[in-house]
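Worksheet: one structure, shown below.
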Amino acid sequence: MNNKKKILIFIDWFLPGYKAGGPIRSVANIVEHLQYDFNFTIITSDRDFGCEQGYKNIKLNKLIKKNNYKIIYLSPENQNKKYLSQIINTLNFDTVYFNSLFSLKFTLLPLRIIKKKKKHAKIILATRGMLGKGALGLKKRKKQIFLIISKIAGLYKNIIWHATDNIEVEDIKKHFGKNSNILLVSNISEKIKPYLKRSKNQTKFIFLSRIAKKKNLLFAIELFQNIKTNKNIIFSIYGTNEEINYLEKCKKASSKIKNNIKIEFNGEVSHEKVYDILSENNFYILPTLHENFGHSIFEAFSAGCPVIISDQTPWQNLEEKNIGWDISLHNKAKFQEVIQKCIDMTDDDYQIMSKKTYKFAENIVNDKSVIEKTRKMFAYE
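The working numbering puts the first residue of the sequence shown at 981, with every later residue one more than the last.
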């Protein structure tokens, strides 16, 4: 007899998708590490983020058995209250885990249905950084109105909040009250590959994230405007094009950079290729407005690629550890000073920094306490 607790997960996009970035990796890592402790069923959309076409050769609107979980891919016409009610009524589950604060189809609708029909279920909601100041600053008025209405309606009453760092804990308390039931559990990190030794014969910078205002690519490009060097520098940009007008602004800004600093727009990249691409570069740049974890940042660490990021992430005091820099977005001069330092850095100094960066990631992966805390979160009564 199988006595494992049954966990129902709602997420807008999931594997084989990759364009939505961090949330997909967060849930995939949970399932990978806890598959022997819980029975996971995932309800998601039938296509990747921003795609008009669905996944090929995948059965829709039916429960599919994978190696370590079950999943239902919903077609657009079935992402509605009626069909979600049918699914929820037919599934047995102990806990529901939501991965968005603002998703209509994969949080708000199923949350209301479950609260009405499955009152016994424990409900956990991961805000995925959506309450951060930088994130709320985008479409600010719309989000503020939603938060006010949701509190008045008691939509999030009696739920458990999953926060991944202390900043997120405070954000939840700020918007939903100091007495909110919050579990502080960091994201489970992905397993890493062996370290690859690289030289710094030519300095290569990389941006690998969604191309959107929140990720602040335009700021990153503008950092290279006043860099003084006779060396040939490459800044490679990879990412899903989320905002067309923003991408055009970024390309326009890149055209003003010096000839010996080459900026390349390489489009999106599948998750399977991320490690190899990061391993070909020297420094990772992400002056993000906000991250509650930043899976791409951790992926850079795991590839031995020191990072130049904003101070709006959980990754702090990086310079002290000699694995990168976390800098205030109000200090553009410091960002440029660091980029200049990276260009002028000797190969020997870079090798030391790269190895320390990889070791930092390795220590995180080998720390089993995060997996144990995640297990306790789902077992929490």
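Even glycine gets a Cβ: it sits at the ideal position worked out from N, Cα and C.
Measure the C-alpha to C-alpha separation of residue 1190 and residue 1151 and round it to an integer number of angstroms. For residue 1190 and residue 1151, the distance between alpha carbons rounds to 23 Å.
Can you tell which of 1298, 1085, 991 and 1282 has the C-alpha that lies nearest to the C-alpha of residue 1020? Checking every option, the nearest Cα to that of residue 1020 belongs to 991.
Would you mind giving the Cβ-Cβ distance between residue 1333 and residue 1302, rounded to the nearest angstrom? I have them listed as a contact below 8 Å. By a beta-carbon distance limit of 8 Å, residue 1333 contacts residue 1302. Their separation comes to about 6 Å.
Tell me whether residue 1046 is buried or exposed, calling it buried when 16 or more other Cβ atoms sit within 10 Å of its Cβ. Result: exposed.
From the DSSP output, in three-state form, read off residue 1076 for me. Under the three-state reduction of DSSP, residue 1076 is assigned to strand.
Which residues in the same chain as residue 1073 place their Cβ atom closer than 8 Å to its Cβ, once the five residues preceding and following it in sequence are excluded? These residues qualify, in order along the chain: 986, 987, 988, 1021, 1098 and 1101.
Measuring alpha carbon to alpha carbon, tell me which residue in 1001, 994, 1061 and 1316 is nearest residue 1249. It is 1001 whose Cα lies nearest to the Cα of residue 1249.
Nearest to residue 1110 by CA position, among 1187, 1026 and 1079, is which residue? For residue 1110, the closest of 1187, 1026 and 1079 by C-alpha to C-alpha distance is 1079.
Quick one: what does DSSP say residue 1100 is sitting in, helix, strand or coil? Correct three-state label for residue 1100: coil.
Kindly give me the distance between the Cβ atoms of residue 1167 and residue 1006, rounded to whole angstroms, as I take these residues to be in contact under 8 Å. Yes, residue 1167 and residue 1006 are in contact; Cβ-Cβ is about 5 Å, under 8 Å.
Could you tell me which of 1257, 1219, 1188 and 1206 sits nearest to residue 1233, measuring between CA atoms? The candidate whose alpha carbon is nearest that of residue 1233 is 1206.
Note down the Cα distance separating residue 1336 from residue 1343, rounded to an integer number of angstroms. In this structure, the straight-line span from the alpha carbon of residue 1336 to that of residue 1343 is close to 10 Å.
Hey, would you say residue 1183 sits closer than 9 Å to residue 1277, going by beta carbons? Annotated as distal: residue 1183 and residue 1277, with beta-carbon spacing of 9 Å or more.
Could you tell me how far apart the beta carbons of residue 1036 and residue 1043 are, in whole angstroms, since I believe they sit closer than 8 Å? That belief does not hold up - the Cβ atoms of residue 1036 and residue 1043 are roughly 19 Å apart, past 8 Å.
Assumed close pair residue 1242, residue 1214 - CB separation to whole angstroms, cut-off 8 Å: Between residue 1242 and residue 1214 the beta-carbon gap is near 5 Å, inside 8 Å, which marks them as a contact.
What does the alpha-carbon distance come out to for the pair residue 1198 and residue 1225? Taking the Cα positions, residue 1198 is about 12 Å away from residue 1225.
Extract the residue ranges of the alpha helix (DSSP H) inside the stretch 1118 to 1205, only unbroken runs of 4 or more that lie entirely within it. With a minimum length of 4 residues, the unbroken runs of alpha helix (DSSP H) contained wholly in the stretch 1118 to 1205 fall at 1120 to 1133, 1146 to 1156 and 1197 to 1202.
With 16 as the cutoff for other CB atoms within 10 Å, does residue 1026 come out buried or exposed? Buried, because 16 or more other Cβ atoms sit within 10 Å of the Cβ of residue 1026.
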